[in-house]
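Chains A and B supply the protein sequences, listed in that same order. Okay, so the first sequence: first residue is 93 according to my numbering, each after it adds one. Okay, so the second sequence: first residue is 8 according to my numbering, each after it adds one. Each residue gets a CB set at the ideal place from its N, CA and C atoms; glycine is no exception. All remarks here apply to the structure that follows.
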Amino acid sequence: MGLRAYVLRRIGQLLLTYFVFLTILFVLFRMMPGDPTSVFILEGLPAEAREERIEELGFNDPLYIQYFDYMRQLMTGEFGDSIIYREPVVNIIWDKVANTLFLMGSSLILAYTIGILGGALMGWYRGTRFEKIGIVGVLTARSSPEFWIGIILLSVFVFWLGWFPAAGMRTVGLDSGEGIWRFLNRDFLWHLFLPMLTGAIFFTATPALLMRNTMLDVLDEDYIEVKEAEGLPERRILYRHAARNSILPVVTVLAIVTGAAMGGSVIIETVFNWDGMGRAIVDAVNRRDLPLAMAAFFIMGSLVIFMNFVADIAYVYLDPRVEYE
Amino acid sequence: MTLLEVENLRTYYTEDDGGLVRAADDVSFSIEPGETLGLVGESGSGKTTIAKSIIRLLADNAEIVDGSITHRGTEITDLSKKALNREIRWSEISMIPQNAMNAFDPVYTVGEQIVEVITVHERGTSTAEAMERARQLFEDLGIDPDRVDDYPHQFSGGMAQRAMIALALALNPSLILADEPTTALDVVIQDRILETIKRMQEEYDSAMILITHDMSVVAETCDRIAVVYGGRIVEIGDAETIIDDPRHPYTLGLRNAFPDITADDQALISIPGTPPDLVDPGEGCRFAPRCPFADEECWEVTPHPVEYEPGHLVECHRADEKAFLQAEAEKRETWLGQEVGDPTADRAPVEEVDD
Ligand SMILES: Nc1ncnc2c1ncn2[C@@H]1O[C@H](COP(=O)(O)OP(=O)(O)O)[C@@H](O)[C@H]1O
Ligand SMILES: [Mg+2]
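This is how it looks when you write it as structure tokens:
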């Protein structure tokens with residue numbers, strides 16, 4: 093079947109892309125200035141233990157052996173020890189990934205829901221005051237730096253109204269439960285709200301403008317006129333036909349943005365003291381914590397590649413005209 | 008009872024620079040149930056504007072400034088958008104657009120789109136019943152019923168046009184507006200689609216307005232023909248009268264441009280000149296600048312329709328000279344710029360155009 097072959101071929105491409113990505117990552121990190129052994133091993137070890145550790149980590153092996161070891165380690169989630177935290181990277185990284193997923197995921201969901209609906213309405217009500225106000229609002233949000241949006245939200249909702257906490261992810265001393273319940277509880281969501289809103293405001297512009305522009309093209313299509321002639325209610329034409337057709341390019345953009353957003357936002361995370369990937373990466377690079385940096389890049393890159401794959405597959409379901417060949 | 012009555016319709020477009028395009032300027036005609044009326048004329052003459060006025064699908068810069076359009080006594084121009092959607096659009100008046108390939112929403116199957124229009128208009132009908140009707144329509148039109156599950160891009164041009172006819176008939180309307188329904192198609196299948204439209208229209212007992220720039224198309228299919236020029240109906244009558252015994256010089260010229268409909272095998276003669284500018288057309292007959300027979304009166308006084316035979320109306324100052332006009336119009340020289348009896352011949356631009 094066409095569809096199955098298409099998905100299989102896409103999976104093949106996914107694996108190939110992934111392989112290239114991992115190889116580049118390997119080359120990049122081995123080419124880093126300085127002795128790689130000095131950064132992969134905790135300082136202060138006696139010389140003998142240090143030699144042992146170098147041997148153990150395989151730095152004495154030929155490069156191709158190191159390459160295979162590297163691949164195997166990544167696949168099994170062995171990222172080595174973090175220099176900053178002085179403990180295995182695996183122990184700390186997944187928490188940061190989860191924190192970022194919740195922050196950026198909720199920001200994007202909010203931004204794309206509002207952006208898509210708002211953009212669709214702006215296109216539908218083209219030429220009206222609503223559209224003009226919408227465009228000005230969206231462009232203002234788009235051109236405001238994230239820290240600026242964050243500070244305004246902080247001043248209004250924290251310092252003035254006092255509705256939300258100023259920073260952090262959890263109230264200190266509050267036991268929030270285990271596993272997923274560490275995130276799905278009122279305290280966490282209460283802390284999440286402002287940084288999420290900051291991200292959402294920042295991300296809304298792209299889908300809103302893209303959606304509006306595509307709507308303008310779609311509304312000129314013959315089939316929209318036929319739907320009007322059919323006497324279908326306006327709302328139905330707007331959502332079921334015009335917006336449905338305009339959403340296709342937004343899906344592609346969403347995939348790219350989602351991948352990139354999973355790297356976290358250093359600025360939002362700094363303003364709201366959010367312990368996510370953005371800050372982790374900057375810290376790791378600044379302090380030459382290469383094991384942590386490599387793990388972070390690996391997870392980020394994996395998400396980007398995976399999201400693009402998801403978008404390609406989603407597109408097939410959204411647009412019947414996509415050719416599988 | 009008359010099905011549709013259009014009286015003194017004026018539909019104007021406002022251009023960006025403020026100019027008023029009088030695309031339909033005092034248009035009147037009526038249609039009886041089951042009848043087929045052809046609207047024929049060059050492109051830009053206002054045919055589409057007339058059709059879109061009827062189903063109120065005009066562009067944002069258009070306005071029906073005067074006149075009335077009644078469907079079985081209901082004034083369409085006064086209806087609210089809601090009432091229009093509920094009472095007129097598709098259930099009473101449907102349309103077949105020029106390019107069916109672009110007339111279906113590409114993300115839904117053709118069947119889904121037929122089902123949608125049925126279920127929106129008929130509250131009690133289930134999706135399954137509606138789909139069964141869609142399949143039945145496909146079968147009537149000579150399309151494999153299983154193709155209701157295909158997407159529009161999977162149809163060829165001719166098939167898409169058939170599917171469009173199915174959609175147009177889905178609610179069994181009393182009137183179908185077919186705007187150049189075969190123009191976008193391969194010449195080879197044009198005739199077949201036209202036959203199909205005609206057959207289905209008779210089977211479903213719908214009236215039809217068939218719009219075309221091609222005289223031979225209306226000759227074959229219509230009961231009556233209205234010839235449109237410069238936003239006005241310049242001649243209207245029975246198909247036989249308009250084809251065999253017309254009085255308006257423009258109709259005579261159009262007939263020459265499609266010689267296959269006349270018995271003798273003449274070479275094609277086209278009408279020189281360009282269609283009139285519909286912004287401030289001024290006084291006088293709009294066809295005068297291109298008319299080989301225009302005289303002083305034609306340039307200065309706007310003609311009004313005169314009924315020569317019952318139901319045969321002509322808007323021409325010289326229409327009473329039928330025998331002379333018909334004889335002269337057959338000659339090629341007549342259309343080559345040597346105006347016959349026109350004192351202001353030097354004013355007329357002479358230039359070959361093909362439409
Ligand atoms: N949206 C519009 N704005 C301005 N002028 C228009 C518009 N639509 C059509 N016209 C003009 O109205 C006249 C009639 O057009 P139309 O009804 O499409 O003619 P036809 O269908 O016979 O080709 C033409 O001169 C055309 O340029
Ligand atoms: Mg037209």
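Considering residue i, what are the terminal residues of the alpha helix (DSSP H) in which it resides?
{"i": "T91/A", "result": "Limits of chain A in this structure are 93 at one end and 417 at the other, which puts residue 91/A out of reach."}
{"i": "I244/A", "result": "E238 to L245"}
{"i": "N263/B", "result": "P256 to A264"}
{"i": "L176/B", "result": "G164 to L176"}
{"i": "N378/A", "result": "M369 to N378"}
{"i": "V127/B", "result": "V117 to H128"}
{"i": "A233/B", "result": "Per DSSP, A233/B belongs to no alpha helix (DSSP H); it is in the beta strand (DSSP E), R231 to Y236."}
{"i": "E290/B", "result": "E290/B -> no alpha helix (DSSP H), and no H or E assigned at all."}
{"i": "S338/A", "result": "R336 to A353"}
{"i": "M138/B", "result": "T134 to D147"}
{"i": "M102/B", "result": "Not the alpha helix (DSSP H): M102/B falls in the beta strand (DSSP E), residues I100 to I103."}
{"i": "E320/A", "result": "D314 to A321"}
{"i": "E303/B", "result": "E303 to E307"}
{"i": "E223/A", "result": "R221 to S235"}
If you reduce the DSSP assignment to three classes, tell me which class residue i lands in.
{"i": "D193/B", "result": "coil"}
{"i": "S277/B", "result": "coil"}
{"i": "F251/A", "result": "helix"}
{"i": "R96/A", "result": "helix"}
{"i": "F36/B", "result": "strand"}
{"i": "S181/B", "result": "coil"}
{"i": "I405/A", "result": "helix"}
{"i": "Y20/B", "result": "strand"}
{"i": "D245/B", "result": "strand"}
{"i": "P180/A", "result": "strand"}
{"i": "T9/B", "result": "coil"}
{"i": "D186/B", "result": "strand"}
{"i": "R96/B", "result": "strand"}
{"i": "R29/B", "result": "strand"}
{"i": "V286/B", "result": "strand"}
{"i": "V225/B", "result": "helix"}
{"i": "Y217/A", "result": "coil"}
Is it buried or exposed, residue i, if we count other Cβ atoms within 10 angstroms and call 16 or more buried?
{"i": "F194/A", "result": "buried"}
{"i": "D312/A", "result": "exposed"}
{"i": "D349/B", "result": "Annotation note: pLDDT 45 at D349/B (below 50); position unreliable, coordinate value reported separately. Flag for D349/B reads buried."}
{"i": "Q208/B", "result": "buried"}
{"i": "E359/B", "result": "Here the model assigns E359/B a pLDDT of 43, short of 50, so the residue's position is not dependable, and the following value carries that caveat. Label assigned to E359/B: exposed."}
{"i": "I116/A", "result": "exposed"}
{"i": "F389/A", "result": "buried"}
{"i": "F365/B", "result": "This structure cannot settle anything about residue 365/B, because the visible part of chain B is limited to 8 through 362."}
{"i": "H160/B", "result": "exposed"}
{"i": "N263/B", "result": "buried"}
{"i": "W186/A", "result": "exposed"}
{"i": "F145/B", "result": "buried"}
{"i": "V248/A", "result": "exposed"}
{"i": "V225/A", "result": "Correcting the residue type first, residue 225/A is Ile in the shown sequence and not Val. With fewer than 16 other Cβ atoms within 10 Å, it is exposed."}
Just reading off the beta strand (DSSP E) that residue i is part of, what are its end residues?
{"i": "M215/B", "result": "A214 to T219"}
{"i": "D73/B", "result": "A69 to H78"}
{"i": "K46/B", "result": "Here the sequence assigns Leu to residue 46/B, which means Lys is not the residue at that position. Element bounds for L46/B: T43 to V47."}
{"i": "L286/A", "result": "Run containing L286/A: none in the beta strand (DSSP E); it sits in the alpha helix (DSSP H), R278 to L311."}
{"i": "L320/B", "result": "H319 to V321"}
Using a Cβ-Cβ cutoff of less than 8 Å, which residues in the same chain neighbour residue i once the five nearest sequence positions on both sides are dropped?
{"i": "L192/B", "result": "G164, G165, Q168 and I200"}
{"i": "T351/B", "result": "Since pLDDT at T351/B reaches only 45, below the 50 mark, its modelled position is unreliable, and the value read off the structure follows with that caveat. The residues are A301, E303 and W306."}
{"i": "H324/B", "result": "C292, D302, E304, C305, V308 and P310"}
With a CB to CB cut of under 6 Å and the five nearest residues on each side skipped, what residues in its chain are close to residue i?
{"i": "D51/A", "result": "This structure cannot speak to residue 51/A, because chain A is shown only from 93 to 417."}
{"i": "P180/A", "result": "D173"}
{"i": "Y158/B", "result": "T116"}
{"i": "V396/A", "result": "G351"}
{"i": "G333/A", "result": "The residue you asked about is not Gly; residue 333/A is His in the sequence shown. Taken in chain order, the residues that qualify are K319."}
Go through its chain and collect everything with a Cβ distance to residue i's Cβ below 7 Å, but skip five positions before and after it.
{"i": "Q120/B", "result": "F111, D112 and L174"}
**Prompt:** Three or more C-beta pairs closer than 8 Å, one from the stretch 238 to 254 of chain B and one from the stretch 207 to 217 of chain B: is that the case here?
**Reply:** Contact between the stretch 238 to 254 of chain B and the stretch 207 to 217 of chain B is absent, with fewer than three C-beta pairs closer than 8 Å.
**Message:** Within 8 Å, do at least three Cβ pairs link the stretch 274 to 291 of chain A to the stretch 318 to 325 of chain A?
**Reply:** The way I'd put it, the stretch 318 to 325 of chain A doesn't touch the stretch 274 to 291 of chain A; fewer than three beta-carbon pairs between them come closer than 8 Å.
**Prompt:** Looking at C-beta atoms only, is the number of pairs between the stretch 290 to 304 of chain B and the stretch 316 to 332 of chain B that lie closer than 8 Å three or more?
**Reply:** A contact exists between the stretch 290 to 304 of chain B and the stretch 316 to 332 of chain B.
**Prompt:** Do the stretch 283 to 299 of chain A and the stretch 37 to 46 of chain B meet, that is, are 3 or more Cβ pairs less than 8 Å apart?
**Reply:** Flag = no, the stretch 283 to 299 of chain A and the stretch 37 to 46 of chain B do not touch.
**Item:** contact_flag[the stretch 103 to 111 of chain B, the stretch 329 to 349 of chain A] where n(CB pairs < 8 Å) is 3 or more
**Value:** No, because fewer than three Cβ pairs between the stretch 103 to 111 of chain B and the stretch 329 to 349 of chain A fall closer than 8 Å, the two stretches do not touch.
**Asked** Between the stretch 106 to 124 of chain B and the stretch 396 to 414 of chain A, are three or more C-beta pairs nearer than 8 Å?
**Response** In this structure the stretch 106 to 124 of chain B touches the stretch 396 to 414 of chain A; the number of beta carbon pairs closer than 8 Å is three or more.
**Prompt:** Using 8 Å as the Cβ pair cut-off and three pairs as the minimum, do the stretch 353 to 369 of chain A and the stretch 129 to 140 of chain B touch?
**Reply:** The stretch 353 to 369 of chain A vs the stretch 129 to 140 of chain B: no contact.
**Request:** With ligand 4 as the reference, list in chain order each residue whose Cβ lies under 7 Å from any of its heavy atoms.
**Result:** Looking at this structure, you won't find ligand 4 anywhere; what it does contain is ligand 1 and ligand 2.
**Message:** Whether or not the stretch 58 to 72 of chain B and the stretch 17 to 28 of chain B are in contact is what I'm after, with contact meaning three or more pairs of Cβ atoms, one per stretch, closer than 8 Å; do they touch?
**Reply:** The stretch 17 to 28 of chain B and the stretch 58 to 72 of chain B touch, with no fewer than 3 CB-CB distances between them shorter than 8 Å.
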